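What follows is a set of notes on a single structure, which appears directly below.
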Amino acid sequence: MENRPLEYDYTIAKMFMLTTIVLGIVGMLIGVVLAFQLAFPGINLFLGEGLAEYTNFSRLRPLHTDAVIFGFTLSGVFATWYYVGQRVLKVSMAESKLLMILGKVHFWLYLAVVAAVVVSLFAGVTTSKEYAEFEWPIDIGVVLVWVIWGVGMFGLIGIRREKSLYISIWYYIATFLGIAMLYLFNNMEIPTMLATSDVGESGIGAWYHSVSMYSGTNDALVQWWYGHNAVAFGFTVPIVAMIYYFLPKESGQAIYSYKLSLLSFWGLMFVYLWAGGHHLLYSTVPDWMQTMGSIFSVILILPSWGSAINMLLTMKGEWQQVAASPLIKFMILASTFYMFSTLEGPIQAIKSVNAIAHFTDWIIGHVHDGVLGWVGFMIMAALYHMAPRVFKREIYSKSLMVAQFWIQTLGVVLYFTSMWIAGITQGMMWRAHDEFGNLAYSFIDTVTVLHPYYAIRGVGGLLYLVGFLMFAYNIYKTMSARPVEAGELQSASPMGA
Amino acid sequence: MDIAQLQAYGYFALTTVLVIGLYGYIYHLYSKKKDVDGIDYESYSDMALKDDIDDTPVSSISDEKVTREGVKEK
Amino acid sequence: MFHWLEKHPFFFAVGVFVVIAFAGLIEILPNFAQASRPVIGTAPYSTLELAGRHVYIKNSCNACHSQLVRPFKSETDRYGHYSLSGEYAYDRPFLWGSKRTGPDLMRVGNYRTTDWHENHMKNPASVVPGSIMPAYRWMFTNKADIDTAFAEQLTVAQYFSVPYNQPIPMKDGSSKVVKMGESVDKANAIALEEAKLIAADMRDQDVKDAVERGEIPEIVALIAYLNSLK
Numbered sequence: 001m002e003n004r005p006l007e008y009d010y011t012i013a014k015m016f017m018l019t020t021i022v023l024g025i026v027g028m029l030i031g032v033v034l035a036f037q038l039a040f041p042g043i044n045l046f047l048g049e050g051l052a053e054y055t056n057f058s059r060l061r062p063l064h065t066d067a068v069i070f071g072f073t074l075s076g077v078f079a080t081w082y083y084v085g086q087r088v089l090k091v092s093m094a095e096s097k098l099l100m101i102l103g104k105v106h107f108w109l110y111l112a113v114v115a116a117v118v119v120s121l122f123a124g125v126t127t128s129k130e131y132a133e134f135e136w137p138i139d140i141g142v143v144l145v146w147v148i149w150g151v152g153m154f155g156l157i158g159i160r161r162e163k164s165l166y167i168s169i170w171y172y173i174a175t176f177l178g179i180a181m182l183y184l185f186n187n188m189e190i191p192t193m194l195a196t197s198d199v200g201e202s203g204i205g206a207w208y209h210s211v212s213m214y215s216g217t218n219d220a221l222v223q224w225w226y227g228h229n230a231v232a233f234g235f236t237v238p239i240v241a242m243i244y245y246f247l248p249k250e251s252g253q254a255i256y257s258y259k260l261s262l263l264s265f266w267g268l269m270f271v272y273l274w275a276g277g278h279h280l281l282y283s284t285v286p287d288w289m290q291t292m293g294s295i296f297s298v299i300l301i302l303p304s305w306g307s308a309i310n311m312l313l314t315m316k317g318e319w320q321q322v323a324a325s326p327l328i329k330f331m332i333l334a335s336t337f338y339m340f341s342t343l344e345g346p347i348q349a350i351k352s353v354n355a356i357a358h359f360t361d362w363i364i365g366h367v368h369d370g371v372l373g374w375v376g377f378m379i380m381a382a383l384y385h386m387a388p389r390v391f392k393r394e395i396y397s398k399s400l401m402v403a404q405f406w407i408q409t410l411g412v413v414l415y416f417t418s419m420w421i422a423g424i425t426q427g428m429m430w431r432a433h434d435e436f437g438n439l440a441y442s443f444i445d446t447v448t449v450l451h452p453y454y455a456i457r458g459v460g461g462l463l464y465l466v467g468f469l470m471f472a473y474n475i476y477k478t479m480s481a482r483p484v485e486a487g488e489l490q491s492a493s494p495m496g497a
Numbered sequence: 498m499d500i501a502q503l504q505a506y507g508y509f510a511l512t513t514v515l516v517i518g519l520y521g522y523i524y525h526l527y528s529k530k531k532d533v534d535g536i537d538y539e540s541y542s543d544m545a546l547k548d549d550i551d552d553t554p555v556s557s558i559s560d561e562k563v564t565r566e567g568v569k570e571k
Numbered sequence: 572m573f574h575w576l577e578k579h580p581f582f583f584a585v586g587v588f589v590v591i592a593f594a595g596l597i598e599i600l601p602n603f604a605q606a607s608r609p610v611i612g613t614a615p616y617s618t619l620e621l622a623g624r625h626v627y628i629k630n631s632c633n634a635c636h637s638q639l640v641r642p643f644k645s646e647t648d649r650y651g652h653y654s655l656s657g658e659y660a661y662d663r664p665f666l667w668g669s670k671r672t673g674p675d676l677m678r679v680g681n682y683r684t685t686d687w688h689e690n691h692m693k694n695p696a697s698v699v700p701g702s703i704m705p706a707y708r709w710m711f712t713n714k715a716d717i718d719t720a721f722a723e724q725l726t727v728a729q730y731f732s733v734p735y736n737q738p739i740p741m742k743d744g745s746s747k748v749v750k751m752g753e754s755v756d757k758a759n760a761i762a763l764e765e766a767k768l769i770a771a772d773m774r775d776q777d778v779k780d781a782v783e784r785g786e787i788p789e790i791v792a793l794i795a796y797l798n799s800l801k
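Now the structure itself:
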């Protein structure tokens with residue numbers, strides 16, 4: 001052992017910061033392309049007729065969702081875990097060779113799985129289940145990545161100096177357990193290569209193909225129990241983990257009520273899993289499950305707002321920081337959007353509202369005010385906070401951050417307002433009847449009317465992407481910015497002009 | 498007893514347990530105990546605020562009682 | 572007890588798991604005891620239809636088209652009878668979708684024909700002016716994967732007892748047998764028979780020629796699948 005003071009080791013965190021940014025750009029870029037394809041269908045052929053199969057909306061759509069969920073967001077979760085985990089447990093990754101190796105294996109295996117996913121989705125190899133499109137060979141890779149992360153996580157917890165676990169660690173543990181359970185159960189499938197024909201042939205057809213263990217209504221039930229809670233444990237739980245660490249740290253303020261954070265945690269854990277049924281209202285799943293999904297979705301406001309209000313109140317008496325620091329702006333806007341989308345979600349889960357909202361763009365709007373406003377802003381804020389500490393340099397440009405903040409905020413607002421209008425317009429037109437009880441509009445009428453909103457949405461998405469590129473540039477330039485002393489890093493992050 | 502009945506009993510029992518658990522937890526959180534185990538949860542925020550590698554843990558893994566008085570471990 | 576839990580990560584994790592698994596345990600597992608039973612008139616997919624279903628999935632048609640008619644007048648007027656659970660008994664995976672950028676396809680076989688689909692997949696806006704659906708012209712040249720469809724038939728027959736080669740009761744009191752080949756060659760032959768019927772209603776000479784040669788383009792399989800949705 002060399003004789004120098006022990007430091008936190010951010011090697012793995014840096015690697016995942018890189019994938020967060022790269023996959024973020026990829027996911028959002030595809031998203032912008034998709035948005036404009038809906039407004040201007042000619043863009044489906046943007047690489048020509050020959051490549052149309054790989055550039056059309058339907059082939060790209062799963063790539064967009066998966067790149068943002070499992071690329072951008074998950075990388076952000078891993079990056080912050082390898083940063084926050086060490087710090088609140090007061091133990092360095094450098095203290096254990098095994099954990100370092102596990103961390104590196106985790107990263108490279110993750111990257112390999114991402115590459116496999118990209119290839120398979122472009123080729124159209126998919127199970128069609130949303131956010132679980134991967135066929136069984138990739139599923140095995142995903143499980144391996146997850147197990148390695150879990151072993152590394154509990155390994156780090158095992159050698160900690162801080163006896164109690166900080167609330168963020170609770171949320172990271174819940175992320176690990178929740179996704180593990182959901183992913184395993186939803187991806188139960190039988191590879192078709194196992195089947196044997198009457199004359200004894202086996203291994204027929206594509207080796208990677210599989211059949212779901214569940215059929216029809218049951219399959220839908222499991223899928224939306226997964227789909228809804230993948231949102232919970234991918235887009236909510238780990239992001240709450242981030243804000244509980246980064247907001248107090250950046251502002252230098254203690255959490256307004258630590259007890260409330262604990263209560264909200266258990267509330268969220270218990271309530272969230274019931275709410276999946278709201279994706280299946282008026283479908284063929286049993287009525288009591290639909291009602292249960294609806295009711296629990298409304299109850300879900302309580303723990304969600306518990307966390308969000310706790311965050312806003314953490315800034316009590318320190319609101320000048322919101323004006324002064326763009327980093328705090330990002331986090332405050334993130335928790336505001338969290339409040340907003342956790343209110344919007346339950347409203348959409350009310351049966352009579354859902355009758356109009358389901359299958360429309362309003363749902364797309366809801367997802368995006370959550371992901372762009374809450375998840376995206378929080379992950380970017382986390383990376384901005386981490387950058388000076390892992391690179392030991394000040395953030396390259398504060399004014400660029402401010403500009404980025406306003407551009408992206410405008411982008412999100414354009415996005416969700418246009419999707420609200422589009423969704424409600426279409427939902428109302430579908431159900432409109434004339435005086436004789438006949439349908440008032442043919443389906444295509446309800447599509448062409450959406451054109452302006454699709455165009456506005458595309459612009460909103462483009463603005464967000466531009467902001468994200470500014471973020472990427474700012475982080476990149478930070479690596480060559482002015483070096484800072486450890487003392488400057490106590491709370492507020494140092495920023496250049 | 499058919500599956501629906503089992504389901505109903507199971508649901509009731511588990512809900513009761515969880516409700517008792519929840520209220521017990523709230524009582525636990527908001528009553529500051531004076532015994533060794535008693536802890537002011539609000540001090541836990543320091544786990545994030547004082548998280549340098551040489552900061553004193555809020556409650557150290559090696560000797561909890563000593564460090565609660567603010568003495569460094571080892 | 573609570574404070575102890577917070578200091579023991581393993582037991583804490585167990586506690587979290589119990590709380591999050593609770594809903595699934597109550598809600599989802601028991602429902603599996605009553606696995607969905609097919610309603611009268613619901614038959615498993617033929618080899619060609621299944622291959623078409625794979626084309627549907629491969630191109631994520633479910634990203635824009637639902638297959639779930641909700642019990643509202645506006646939906647039954649537009650799409651036909653609302654969906655029944657048993658109608659999905661042979662759907663692995665389910666294809667309800669979550670967004671209707673285009674119309675529902677649950678019963679599209681009742682009101683669209685082979686040549687409508689052919690023209691529509693080549694150039695949607697020529698059939699439905701104002702349509703924002705992209706064209707799917709590569710389906711006219713790509714070959715459908717009959718082998719994999721056959722492997723799937725074998726799998727569901729062996730593991731989930733899907734009734735192939737058995738009489739299935741239909742709504743009018745008659746019965747219907749969905750054939751599954753006993754070998755890969757036989758399965759391909761059965762699929763080709765069915766493909767010839769579809770190709771006969773199509774105009775594209777290249778597709779007709781391909782089927783004549785014994786090849787099945789993706790579009791033929793897809794149309795077979797869409798026609799089976801009733």
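Residue numbers (our numbering), protein chains in the order written: chain B, 1 to 497; chain D, 498 to 571; chain A, 572 to 801. Just so you know, even glycine gets a beta-carbon here, dropped at the ideal spot from N, CA and C. Quick caveat, the model's predicted, so the values are computed rather than measured.
TODO: Compare the Cα-Cα distances from A760(A) to each of A781(A), P788(A), I717(A), A770(A) and report the closest residue.
DONE: Of the candidates A781(A), P788(A), I717(A), A770(A), the one whose C-alpha sits nearest the C-alpha of A760(A) is I717(A).
Task: Cβ-Cβ separation, P664(A) to Y653(A) (assumed contact under 8 Å), whole Å - done: A Cβ-Cβ distance of about 21 Å is found for the pair Y653(A) and P664(A), leaving them out of contact under the 8 Å criterion.
Task: Stretch-stretch touch, CB-based, cutoff 8 Å, three pairs: the stretch 760–769 of chain A with the stretch 785–800 of chain A - done: Contact between the stretch 760–769 of chain A and the stretch 785–800 of chain A is present, because at least three Cβ pairs lie under 8 Å.
TODO: Kindly list the residues whose CB is nearer than 6 Å to the CB of G141(B), restricted to its own chain and excluding five residues on each side of it in sequence; keep chain order.
DONE: So the list reads V113, once near-sequence residues are dropped.
Task: With 16 other Cβ atoms within 10 Å as the buried cut-off, status of L51(B) - done: Residue environment: L51(B) is assigned as exposed (fewer than 16 neighbouring CB atoms within 10 Å of its CB, all protein chains considered).
- [ ] Check whether the Cβ of D499(D) lies closer than 8 Å to any Cβ atom in chain B.
- [x] So no, D499(D) is outside the interface.
Task: V563(D), DSSP secondary structure in three states - done: Only weak support is given to the placement of V563(D): the predicted model assigns it a pLDDT of 45, under 50, and the question is left unresolved by the model.
- [ ] Kindly give me the distance between the Cβ atoms of M242(B) and A67(B), rounded to whole angstroms, as I take these residues to be in contact under 8 Å.
- [x] That belief does not hold up - the Cβ atoms of M242(B) and A67(B) are roughly 20 Å apart, past 8 Å.
Open item on the list: So if DSSP puts L439(B) in a beta bridge, which residue, or which two residues, is it bridged to?
Closed with: As computed with DSSP, L439(B) is found in a beta bridge with H433(B).
Open item on the list: Alpha carbons only, please: which of P609(A), K750(A), T684(A), N694(A) is nearest the one belonging to M773(A)?
Closed with: M773(A) has its Cα closest to that of T684(A), out of P609(A), K750(A), T684(A), N694(A).
Open item on the list: Measuring only the C-alpha atoms, how far is R565(D) from V88(B)?
Closed with: Reliability fails at R565(D), whose pLDDT of 43 lies under 50, so the model's placement of it is uncertain and the value that follows must be treated cautiously. Their Cα atoms are separated by approximately 17 Å.
Task: Boundaries (first-last residue) of the beta strand (DSSP E) holding E189(B) - done: 189–191 is the span of the beta strand (DSSP E), which, as asked, contains E189(B).
Open item on the list: Measuring straight from C-alpha to C-alpha, what distance separates L410(B) and M153(B)?
Closed with: Distance between the alpha carbons of L410(B) and M153(B): 38 Å.
Task: Strand pairing of F359(B), partner residues [DSSP] - done: Bridge partners of F359(B) according to DSSP: K670(A).
Task: Identified DSSP bridge partners for P788(A) - done: As DSSP reads the structure, P788(A) sits in a beta bridge with K714(A).
Task: Cβ shell of L6(B) (< 6 Å), same chain only, five flanking positions each side left out - done: Contacts found: S92.
- [ ] Determine, using beta carbons only, whether I628(A) and M710(A) come nearer to each other than 8 Å.
- [x] With respect to M710(A), I628(A) sits apart: the two C-beta atoms are not nearer than 8 Å.
- [ ] My understanding is that K129(B) touches N186(B), with C-beta atoms under 8 Å, so please give their C-beta distance in whole angstroms.
- [x] Between N186(B) and K129(B) the Cβ distance is about 7 Å, and since that is below 8 Å, they are a contact.
Open item on the list: So, for T478(B): in the same chain, excluding its five sequence neighbours on each side, which residues have a beta-carbon less than 8 Å away from its beta-carbon?
Closed with: Apart from sequence neighbours up to five positions away, the residues of its chain that approach T478(B) with a beta-carbon distance below 8 Å are A387, P388, F391, R393, E394, I395, Y396, ordered along the chain.
Task: Contacts around I43(B), its chain only, beta-carbon distance under 8 Å, and the 5 residues preceding and following it disregarded - done: Closer than 8 Å at the Cβ level, and outside the excluded window around I43(B), lie V33, F36, Q37.
Open item on the list: Given a cut-off of 8 Å on the beta-carbon distance, is the pair L400(B) and L463(B) in contact?
Closed with: Not in contact: L400(B) and L463(B) (Cβ atoms no closer than 8 Å).
Task: Contact set between Y506(D) and chain B, taken where Cβ atoms lie within less than 8 Å - done: Those do not exist, as Y506(D) stays about 16 Å from chain B at its closest Cβ, beyond 8 Å.
TODO: Check each candidate in R678(A), W687(A), P705(A) and name the one with the smallest Cα separation from K801(A).
DONE: Residue R678(A) is the option with its Cα nearest to K801(A).
TODO: Check whether the Cβ of M1(B) lies closer than 8 Å to any Cβ atom in chain A.
DONE: Any reading at M1(B) needs caution, since the residue's pLDDT is 47, under 50, leaving its predicted position unreliable; the model's value is listed next. Interface with chain A (8 Å Cβ-Cβ cutoff): M1(B) is excluded.
Open item on the list: Which residues of the stretch 238–261 of chain B have a Cβ closer than 8 Å to any Cβ of chain D? Give them in chain order.
Closed with: Residues of the stretch 238–261 of chain B that bring their beta carbon within less than 8 Å of a beta carbon in chain D comprise Y244, Y245, P248, K249, G252, A254, I255, S257, Y258, K259, in sequence order.
- [ ] Would you identify the three-state DSSP class for K747(A), choosing helix, strand or coil?
- [x] When secondary structure is reduced to three states using DSSP, K747(A) falls in the strand class.
- [ ] Note the first and the last residue of the continuous beta strand (DSSP E) segment covering P740(A).
- [x] It spans 738–740 - the beta strand (DSSP E) in which P740(A) sits, taken as one unbroken run.
- [ ] Give a yes or no on whether the minimum CB-CB distance between A715(A) and chain B is below 8 Å.
- [x] No, because no Cβ of chain B sits closer than 8 Å to the Cβ of A715(A).
Task: CA-to-CA distance, A481(B) to I597(A), given in whole angstroms - done: If you draw a straight line from the Cα of I597(A) to the Cα of A481(B), it is about 55 Å long.
- [ ] Step through the CB atoms of chain B and report whether any lies within less than 8 Å of the CB of K533(A).
- [x] In the structure as shown, chain A starts at 572 and stops at 801, and residue 533(A) therefore has no counterpart that could be examined.
Task: Local conformation of P483(B) per DSSP, three classes - done: In this structure, P483(B) counts as strand in the three-state DSSP scheme.
TODO: Give the DSSP bridge partners of R393(B), in chain order.
DONE: Secondary-structure assignment with DSSP links R393(B) through a beta bridge to P483(B).
Open item on the list: With a threshold of 8 Å between beta-carbons, can F731(A) be considered close to chain D, or not?
Closed with: No - not a single Cβ of chain D is within 8 Å of the one on F731(A).
Open item on the list: Under 8 Å, Cβ to Cβ, is there at least one residue of chain A near I523(D)?
Closed with: Answer no: the Cβ-Cβ gap between I523(D) and chain A never drops below 8 Å.
Task: chain A contact for P41(B) (CB, 8 Å cutoff) - done: For P41(B), the answer is yes, since a Cβ of chain A falls inside 8 Å of its Cβ.
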